[in-house]
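Peer 1: Just so we're aligned: 27 in my numbering is position 12 of the sequence shown, and the numbers increase by one with no gaps anywhere.
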Amino acid sequence: MAVAEIRQKRVERDIETLRSTQSALMDRIDSFADTLNETRDIALANQSRLDRVEQICAENRAILLAIADHLDLTYEVPPRSPQSD
16 MAVAEIRQKR
26 VERDIETLRS
36 TQSALMDRID
46 SFADTLNETR
56 DIALANQSRL
66 DRVEQICAEN
76 RAILLAIADH
86 LDLTYEVPPR
96 SPQSD
């Protein structure tokens, strides 16, 4: 086998290796992008739920304050308990 043929086969193998590596990397990048998109969608859904929970809490607070006012109760803010880190 001539030296040129050996070099050509080596170059062809190197090119195939590079193509295979590039393909594998692109697959990983695509997978990572899909994961990021799913995570973003979940975060947006959770934010929507959190907004609704905050709205419900505000409504409940208003109702409780109205009941307390109707019963002539004085609302006292309870002392804050120490938070553990």
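Note that CB positions come from ideal geometry on N, CA and C, so glycine has one too.
Keep in mind that this is a model prediction, so the values were computed, not measured.
Let me know the secondary structure DSSP gives residue 35 once reduced to three states.
Peer 2: In the displayed model, residue 35 falls within a helix according to three-state DSSP.
Peer 1: Just how far apart, CA to CA, sit residue 20 and residue 33?
Peer 2: 20 Å
Peer 1: Indicate the three-state DSSP secondary structure (helix, strand or coil) for residue 63 in the structure shown.
Peer 2: helix
Peer 1: Look up residue 96 in the DSSP assignment and say whether it is helix, strand or coil.
Peer 2: coil
Peer 1: Roughly how many whole angstroms lie between the Cα atoms of residue 51 and residue 58?
Peer 2: 10 Å
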